[in-house]
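**Student:**
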Amino acid sequence: MLLTSVLVTFAAAPLGLLARYLPRPPIGWILALLPLAAFAAFAAQAPAIIAGERMSQAIPWVAAMGIELRFSLDGLSLLFTLLVSGIGTLIFIYTAYYLAGDPGMGRFYVYLTVFMGSMLGLVLADNVLTLFIFWELTSVSSYLLVGYKHDYADARRGAQMGLLVTVGGGLALLVGLVLLSTAAGSYTISEIIAAGEQLRASSLYTPALLLIFLGCFTKSAQFPFHFWLPNAMQAPTPASAYLHSATMVKAGVYLLARLHPALSETPLWIYTLTSVGAITMLIGAVVANRRDDIKGLLAYSTISKLGTMVLLAGMGGPEAPAALVATILAHALYKGALFMLAGAVDHEAGTRSLSQLGGLRRLMPWTAALAILSSLSMAGVPILFGFVAKEEQLYAAVDNGLPAGLDIVVLIAVVTSAVFGVLYAWRLVSGVFFGPLGSGMKAHVHEAPAGMLVGPAVLTTLSVILPLGLLPATAALLQPAVNAIADDGVKISLYLIPSELSLPLILSMTALLIGAVLTRFEPQIAAAPSPLPLWFNGDRIYDAAINGMLQGATSFTRTLQNGKLRSYMTWAVLALVAVVMPPLVLFGFNGLVLPNLAGVGPFELVSALLIPVGVLATLRARSRLGAIIASSIVGAMIAFLFVIYSAPDLALTQLLIETLATVFLMLLFAVLPVGFERLTSDSERARDGLIAGLAGLMMAGVAFAAASNMQFASISQAFRAESRSQGFGDNVVNVILVDFRGFDTMGEIVVLFIALLGIYAMLRLRPSVEPTRDDEEAPTPPASLDGATPPEHGQQEQQETASEPWLKA
Amino acid sequence: MSAFQSGMAILMLVMSLSLGAAVWRLLRGPSIPDRVVAFDLIIIHLVGLITMFVVTTGELVLLDTLIVISVLGFLGTVAIARLIEEGRS
Amino acid sequence: MIWLNLLLALTWVMITGASGIVDWIIGLVFGFVILWLSWRSFFDEPFTLRRYLQLRTRNPLLTIWRWLRFIGFGFVEIVKSNIAMARAVLAPKLQIKPGIVAIPLDVQSDAGITTLANLITLTPGTVTLDVSSDRKTLYIHTFSVGDPEQLRRRTKAEFERRVLELLP
Amino acid sequence: MYDSIILRTVARLMLPILLLLSLFMLVRGHNLPGGGFIGGLLAASAFILQIIAYGPVHVRRIIPVNFLGLAAVGVIFAAVWGLIGLVTGQAYMLAFWLKEPIPGIGKLGTPVLFDIGVYLTVIGVTTQLALVLAEEPILYPLRRRPVSADRVAPEA
Amino acid sequence: MTPLEILTLLITLVGVFFIVVSSIGLVRLPDLYTRVHAGGKSGTLGIIGVLLGAGIFFISDLRIVFKMLLLIAFFFITAPVAAHMLDRAAFLTGVKPMEDTTPNELAGRYDPETRQLS
Amino acid sequence: MTLILSLVVGTLFAGGIYLMLRRSVVKLILGLVLLSHGANLLLFLMGDGLIKARPPFVKPEAGVAPPDSADPLIQALILTAIVISFGLLTFVMALAYRADQAVESDDLDAMTSTDRL
Amino acid sequence: MAHHLFLPLIVPLLSASVATIIVRQHGWVRVIAVAATLFNLGYGAWLLVTIAATGRQVTQAAGWSAPFGITLVADGLSAIMLVLTALLTLVTIGYSFATVDARQERFYYYPLLLLLLFGCSGAFLTGDLFNLYVWFEILLVASFGLITLGGSRGQLEGGLKYVVLNLFGSICFLVGAGLLYGVAGTLNMAHLAERLSTIQDASLVTAVAGFFLVAFGSKAGLAPLFFWLPTSYHTPNIAVTALFGGLLTKVGIYALYRVFGTVFQSELARLAPLILVVAGVTMVVGVIGAMAQVNVRRILAFHIVSQVGYMAMGLGLVSVAGMTAGILFMAHNIVVKTALFLIGGAAEHLTGTGELKQMGGMARREPMLALLWLLASFALVGVPPLTGFFGKLGLIQAGLAQEQWLIVGVAATVSLFTLFSMLKIWNEVFWKKAYSDLSAMPRAGVGLLAPAAVLVAVSIAMGIGAAPTLEYSALAAEQVFDTASLVRDVCGPNGCEAVELAVGH
Ligand code: NA
Ligand code: NA
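Chains as they are written, first to last, in this note's numbering: chain A, 88 to 896; chain B, 1123 to 1211; chain C, 9 to 176; chain D, 11 to 166; chain E, 10 to 127; chain F, 1328 to 1444; chain G, 151 to 655.
This is how it looks when you write it as structure tokens:
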């Protein structure tokens, strides 16, 4: 069933394209059946899970890499699957209204469905690599959703930013997970968790954990990676509501919670998560109060809450797991609703700016009512579920597992964030729904279509009714999740009114009070100087990093890939020297004795020495022709050496080729300017001379070392012996060429043949801008250049086409 | 080494030195045709040296290279001379 | 052409060093194929058997004799020329007064002009520089020009006459 | 107009001689220096000498061979004999020899035929290359650029 | 030494002598046109001498003798052509003859455009 | 002689590389030519020693090539390499010529357009 | 004796030669090209299965016993490369039908493609070092012809650098082969492995191995030898770029795997740190270059360089796991890279330019093309469950297993930058609004889409079927390292020293 749910979701994704042909609200209700079915299926498992069962399912995939499609459903997974599919159902309905008439709606549903499948896979996965695969898929589908309105630069930027940050973190996560699995000896999550003791003792623990943190922090928008989340608000609101508040951003928290039993309670875990979580929580809370855009406000409040969750995951203490689970649920309920309502407002009023909105409570009464209730939940006002969760947070904060000193700091931070939470909830409500009518709104604003309010209504209702009598049931549902996080029998007990006047309750009330008081000073707070230095702005750093990288890359590439062949050649030669020279010098001359020069005949010596002379002449030649002739002497002398040293075939071939090459070279280059221009400076020459000299010395060394270091008998003896008897030829070289190694020769003539084709095409097929005379038509010679006929034949014949192929005839 | 071979060896050495002189002209120029004349003469030297080498060693197989070398010496000289003309600017 | 074919066959037999009847036949066949291939470099008209078999020389023996005599003459001239050359080159002080002299031509055939030019080049003190485009003048470079007129006369008398005999 | 009578006459004379020499190199290459490559290159040299003396147009006219096609045929000719081995269920290029040597030529077998393929390919490739290169300035006369005098070595 | 060897040595000596002469000529002579004399004449005779020497040495093997004769003929035919080509190329590319080259009846006879020689 | 020829190989490589580091296309080609000469000569040294006047041909009387004759295999390899590098070099020549023509300069540093940023 | 190994060589060769002769009959030439390539594809697939079932396939050219004759050996790696080469060529030919103009066809475009196929297939099959050199030259010169075909200024300029630098690499190869023959006296790879395994400690052989490292590294495009690639790959026909982009550098990698995995085993261990450094630098430099570029094909070209670094990493880890991952990565990259070039090229073909700043609006105009691009680029970046992920994961796992933290870190980081520059193309070409009215632009027909779609489908199939793909890669990697069985297969049970020159064993 687990596997089926994930696979069916993916398989059903193309169904979303139906919306392309029917971009009207009813399609949303139809398509919502898919997440609804999933919700129903998971909900059906709830009793069993509550009863303490655990479902598992696995099919092998790439066993050799440790990848196995292993899924398992426990309390934590159940909570998330219910959130994903439940809120998914509402979003699916909402979308059809929000995007009504948009031709891209089909695409949007496809992305949404893929996302849902990925998210389900992620929370169900019981194999780290499978988890990672779905993790990445959520990033990708999120990218497509954020960039849905890709005609706008901001949408592209937001999408790209989110993807780069989350994928970057994902890569770290991947390495971390592999390390973790290496340490645990298994890729199965449940087995990894079981190996907690062993893991914490492993030397891989620290690197693995840091890398996993990186993955979780980027995904869950923790400081300093939080900046991508507000930019992801470029997504159409359904996506924001679904991904960026209710589900995907919690993936990082989910993973921390999932690994909590195995990896927590070390200083690294505690301090990192506590500090990052607390900072994120505070920054989010503060900045949310400075945003004018309602989605921006909600995004920062989400960041703040994510920080809270990470803090709860890290701080330890008996209440923290329960508080974490409650917070996840509460946040999903009110934030999902608020986002959808913000979308409704945007949809109807045509703006999301607080300064341009106002007084909508009369024009959009239902929206206003739902928004107010959810905001109260967000503010933690009693009898709403947000209050219950906040109580839990404060309990956890009061009774945290941190060392003295730090515990107080964390407590203060939690309270402070609660204060700010009241403040931004108030800003949202008062700014949008109260006061005079906003200035920047559309002319005739009216209530959003009912379908658009279904989702918010359901979620808000839950926020309201859960505390009204369903708390035990909720607690029962959440208990298995808590068990998954904290295996040592931590009990979750949710309550609306505590039995006694406890410190958390006092703190909660105090925070509400202070928050209420501070609402008086809201304009001053919004206008107050930023608590963070100006440069310390994720957006700006991101942009600067991107630009800096591009500029750096450009100037680096310009320098390196500068288009100059000689510079590339220099690299190549230096590479050769660098690779060959050290081993040659170190080991190449082992056991060599200096050669005996006595057997060298004077006339061979003269011939051999004429080669360097020819080389030198080629180098020093000041005209092309001079250089060509000088170099051909080199070839001739080499051929001569071949003759003397018993290689007549070689000498003949060498000479023939040498001559033909010279002729070809002359044919092509004799017509160009004859003299060489002086193009390089003396210092360049000196440098090149040094490089060339070094390489030459190395070649001499390696040649001599190899020629004096023949350790094995060559196979050529067999050819000498068998040339006549088996190859029926006396010229051993030729027998090798046409028989023993005739296959080489075949390749060789093919090389010639291909070279001909290439040269022919290159010379005759010109780009159309150049004067073109293609193909084999024989050229008509201009009178000045070529003698067409020998004089004694008198009359000039009519030009035949030389392509007259007797071969074809 | 027999007296005959010694004699030939001396002659070959002389030829080698003479070859050096021709190469000197090749390097010295000054004009391109000067170099080509030297090239032609160098080929002649090589033919001569190989002939004498064959006479001393009796390795007749090497003799067959002479024809080709001569042909190529001619072809090369003529080609260069001809193309120098084409290329005059 | 058949003569040339025979000549090629002879060459074949000589360089392969096998002189059986089969070798002659192969030489003839190869020669024929080669001549057929290079036919158009000798004749304007396409290959015909009649043209191939046509004999130009009436008295082959006489021709051969004349050629041999000519070669002998040439050889002697060449040796003379080289001794003169060696003297000039090896003299402690170079004494050369070069000049370029035009010589009017009577020979008109390609082969004749070429033979004459080569002969001039190989013989004392002179190198053929070029032939005028109307093939009426031969330009020669001479090592030590005395009287240009005398040079012209001598060349025509000693060399061109002999060449004209063979190749008009 | 390049028209040295002397060169042309000699070049014409050389054509059959060099071709004969090239066949000689081909035929006896299995036993003495030579072979398909050397023979082919020599034959190509014979044609190239004609190109030098007469120019490519004339050579195209007097030797109306599609050399590119010849090269292709040479490759096919060289490759195809190897198939005998393959179709008889043995290795490609396995040598098959006639029992008795052909008088005047020597022992004949598929390696010799292969060598002929090499010969044809080399002739085709080399001659066609020379022709194409020699035709180049005729088809595309070069636009000359002035080179400032002070930067050029004062030679030639 | 057999008489054959002596003869070979002598003829080869003559050949080498002339080749050396041509080399010296190449080095010593003042301008290209005179150097062509050295290369074209002495070089040719020299190589012919050397080839002849070899021909005599291998006189018993007619095949070799013939090859040597073929080579000699080849040099006879081609060496002057090379000399002619070089002189002509030099003249056309503006290689100046030495100063007291008189008369110079070729001067100005080439058409600069068509390179036709009148 | 091996040592001397090794040094000769070294000069060929040094000269070739130096020429290839110049800016003229013709020098580039000549550099390649020298380099392939160097490679061929180096290969030649890798045979069974430098053997004078004993080419690998079957002696009619023996029926085999003398065991101390020159290494036939390395000769065959060099021959193959020579021919291959002929094909490639010709290609380079034609290409360099065409590039020269298209750019209207034989300065390699003028041929940087495809890397321009 | 598996004489059938000659078929994938002879068929393209003869087809190419015949096609050259009848080059003016375009229709027939196309038929020949497709038929020959299909044959190779089918044969490759058959060989893939056969090798999995019965192991290495060996035959001897002209029947001469190894190590005297030239051995053809096909193992898993050969078969993978063979089949991918044929697939790529086939796809490219299909794409060429829609994009290559008739003039180029007349100038031997298809024969050259077939000859490239011939050269690559030969390189993958030969078991002889010098013969490998010959095959390298064949495929190089065919690639020279293709890259300059068309003769535009860019092609000539880029082509010159391509050719010259590759020739330098070839010379290094030749010298290396010569030196190795000098030292070890043989050319057969099995025999070489047998002989060199008796020299365990560092020696001259290590220096000789350096020549091969430079030679193959330069074909593969490793730093600092890659410069020829970005300068030339964006200049020819799109189809040619696509084929080269997918295939050619991988031939260099193949040779590195083959020669260092089999012949130079102890040298490989010695040079491993160097190879890893080179791999890392290559990844980084390549991706930096890609970030700097503003042209579709030039970005992709630099990516080739960067990704070759990953394949080199697979070698540098000196383990079966590393090479397995390397082979997997290579197979993935061959397919995906070509797909990307084909898709980006299609956009270029339709828009008439490859400059990012002049393109746009393709996502709306050509959604199918956009989808293909998205899939292919995510595959390239390594987004699971597309192919690239498994290669990357394999490398990371193998790297961590060898405790090579640094290279793993570099590999992971570089893939993020790869994503970044791929997004650049996606943003500029597909997502961004068109600058002008695209309604006059031609539509992407089947001819443009189908070839890329085939490759993307293959990539997805390789991702879903990652298990068998990985298993085969592992088999291939094991075969590369298993010299003992290689010697047995090639020279018989007594080893190569015991063989005498004769026809057959
Ligand atoms: Na753009
Ligand atoms: Na764009």
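Even for Gly, the Cβ is constructed at its ideal location relative to N, Cα and C.
Checking the sheet assignment: what are the DSSP bridge partners for A/Q85?
**Tutor:** As displayed, chain A neither begins before 88 nor continues past 896, which places residue 85 of chain A out of reach and without an answer.
**Student:** For chain G, check one thing: does any of its Cβ atoms lie closer than 8 Å to the Cβ of D/Q138?
**Tutor:** It does not: the Cβ of D/Q138 has no partner Cβ on chain G nearer than 8 Å.
**Student:** Rounding to the nearest angstrom, what Cα-Cα distance links C/N13 and C/F78 in this structure?
**Tutor:** Rounded to the nearest angstrom, the two C-alpha atoms are 23 Å apart.
**Student:** Of all the CB atoms in chain G, is at least one closer than 8 Å to the CB of D/I126?
**Tutor:** No - not a single Cβ of chain G is within 8 Å of the one on D/I126.
**Student:** Could you confirm whether any beta carbon from chain D is found closer than 8 Å to the beta carbon of E/V90?
**Tutor:** By this cut-off, E/V90 is an interface position.
**Student:** Name, going along the chain, the residues of the segment 816-841 of chain A whose beta-carbon falls closer than 9 Å to a beta-carbon of chain D.
**Tutor:** Within the segment 816-841 of chain A, the qualifying residues are G816, D817, N818, V820, N821, V822, L824, V825, D826, G829, F830, T832, M833, E835, I836, V837, L839, F840.
**Student:** Please check the pair G/N445 and G/H384, which I expect to be a contact at CB under 8 Å, by giving their CB distance rounded to whole angstroms.
**Tutor:** Contact holds; Cβ gap of about 6 Å.
**Student:** I want to see whether chain D comes within less than 8 Å of A/I846, judged by CB atoms only; does it?
**Tutor:** A/I846 counts as touching chain D.
**Student:** When DSSP labels each residue in this structure, what does G/A169 get in the three-state scheme?
**Tutor:** Here G/A169 sits in helix by DSSP.
**Student:** Determine whether the Cβ of G/P158 lies closer than 8 Å to any Cβ atom of chain A.
**Tutor:** Judged by the 8 Å Cβ criterion, G/P158 is not in contact with chain A.
**Student:** Hey, G/A451 and G/I493: beta-carbon distance below 8 Å or not?
**Tutor:** No, they are not a contact pair.
**Student:** Out of C/V115, C/S140, C/D138, C/L18, point me to the one whose CA is closest to C/A165's CA.
**Tutor:** If we check each option's Cα against that of C/A165, C/V115 comes out closest.
**Student:** Can you give the beta carbon distance from D/I62 to C/V139, rounded, assuming they're within the 8 Å contact cut?
**Tutor:** Going by Cβ atoms, the distance from D/I62 to C/V139 rounds to 17 Å, so no, they are not a contact pair.
**Student:** With a threshold of 8 Å between beta-carbons, can D/P111 be considered close to chain B, or not?
**Tutor:** False, the Cβ-Cβ gap to chain B never drops below 8 Å.
**Student:** Is it buried or exposed, C/G133, if we count other Cβ atoms within 10 angstroms and call 16 or more buried?
**Tutor:** Result: buried.
**Student:** Unbroken alpha helix (DSSP H) runs of length 4 or more, entirely within the segment 134-164 of chain A: which are they?
**Tutor:** For the segment 134-164 of chain A, not a single whole alpha helix (DSSP H) run of length 4 or above is found.
**Student:** Where does G/M463 land, buried or exposed, given buried means 16+ other C-beta within 10 angstroms?
**Tutor:** Classification of G/M463: buried, given that the 10 Å Cβ count is 16 or more.
**Student:** If contact means a Cβ-Cβ distance below 7 Å, which residues of the segment 783-817 of chain A contact chain B?
**Tutor:** So nothing in the stretch comes that close.
**Student:** Which bits of chain D does C/V30 rub up against, with CB to CB less than 9 Å?
**Tutor:** Near C/V30 (Cβ distances below 9 Å), the residues of chain D are I112, P113, G114, I115.
**Student:** With 16 as the cutoff for other CB atoms within 10 Å, does E/T53 come out buried or exposed?
**Tutor:** E/T53 should be labelled buried.
**Student:** Can you list the residues of chain C that E/L115 reaches, using a CB-CB cut of under 8 Å?
**Tutor:** What E/L115 touches in chain C: I108, A110, L137, D138, Y147.
**Student:** For C/R143, return the contacting residues in chain D, with the cut-off set at a CB-CB distance below 8 Å.
**Tutor:** Going along chain D in sequence order, the residues near C/R143 (Cβ under 8 Å) are I15.
**Student:** List, in chain order, every chain D residue whose beta-carbon is nearer than 7 Å to that of G/T276.
**Tutor:** Within 7 Å Cβ-Cβ: nothing; G/T276 doesn't reach chain D, min ~13 Å.
**Student:** List, in chain order, every chain A residue whose beta-carbon is nearer than 7 Å to that of G/S565.
**Tutor:** Per Cβ cutoff of 7 Å: L258.
**Student:** Taking 8 Å as the CB-CB cut-off, is E/T43 touching chain D?
**Tutor:** Judged by the 8 Å Cβ criterion, E/T43 is not in contact with chain D.
**Student:** According to the neighbour-count rule (16 or more other Cβ atoms, all chains shown, within 10 Å of its Cβ), is E/T111 buried or exposed?
**Tutor:** Flag for E/T111 reads exposed.
**Student:** Using a C-beta cutoff of 8 Å, does C/W11 count as contacting chain D?
**Tutor:** Cβ-Cβ to chain D under 8 Å: no for C/W11.
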